[in-house]
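Presented below is the structure to which this report refers.
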Amino acid sequence: IDIAWPLRIFLHSIAVFLLPAAAFGMLSPAATEAAALAGMGNEGRFGIINSLGTVGALAGTFLSGFLLIQFMPTSTIFFALAACFLGLAAACLAAVGEKGGADLLSAKTATDYVHQENKENLKGLTIPLGICFIIGFCIMALELAAGRMLAADMGQSIFTWTSAIGVIFAGSALGNLSG
49 IDIAWPLRIF LHSIAVFLLP AAAFGMLSPA ATEAAALAGM GNEGRFGIIN
99 SLGTVGALAG TFLSGFLLIQ FMPTSTIFFA LAACFLGLAA ACLAAVGEKG
149 GADLLSAKTA TDYVHQENKE NLKGLTIPLG ICFIIGFCIM ALELAAGRML
199 AADMGQSIFT WTSAIGVIFA GSALGNLSG
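Going by the working numbering, the sequence shown runs without a break in its numbering and finishes at 227.
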């Protein structure tokens, strides 16, 4: 089949990277639920969780771009991301399963937990908030490794990077919706 080169790159990106990105995207809602089950109220929860995901994405961008991509084969990065996903999924299941019957609409605010000296509340939030940071890191590492793999197979171009970035974001959004 004779398919235009940009379309071929895009279809290859979808075939290879949409499901892994969706799988990582499914973990954010689970981490948000785990934070609620740990007692974090609605006020500020999403802001803290999103900011930790963004900080994780920044760390993933810089560490992947300057270290991982430089010193590790792409296949090793993908295997490490797969192992990380399995660990995160297990942590989400453990965090949500721990307090499965808790009230999701706690009256306490996220700010209370950040400023409070109550170590038990902070301890319960460490896992879900850490998961959000690591998810952000992993999605950006996946994006950079995807771009590297596509560039090696299809050539370095704006179509390669646009496809990698767009498909990873689309997969993550689909995962957020279904998670």
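All residues carry an ideal CB built from backbone N, CA and C; glycine is no exception.
Here the segment 181 to 197 lies against the segment 210 to 224, with 3 or more beta-carbon pairs under 8 Å apart. In the displayed model, P77 falls within a helix according to three-state DSSP. Taken atom to atom, the span from the alpha-carbon of C180 to that of G95 is near 12 Å. A straight-line Cα-Cα distance of about 16 Å links I206 and A193. Ranking V215, A79, G73, G223 by CA distance to the CA of L55 puts V215 first. In this structure, I183 places its C-beta atom within 8 Å of the C-beta atom of S76. Distances from the CA of I175 to each of A142, A199, M120 were compared; the closest alpha carbon is that of A142. Runs of beta strand (DSSP E) with 3 or more residues, each lying fully within the segment 192 to 221, are absent. With at least 16 other beta carbons inside 10 angstroms of its own, T80 counts as buried. Check the Cα spacing between S99 and each of A131, D201, G178: the tightest is with G178.
Here A139 carries a helix assignment [DSSP, helix/strand/coil]. Inter-residue distance for A139 and C132 is about 10 Å (C-alpha atoms, whole angstroms).
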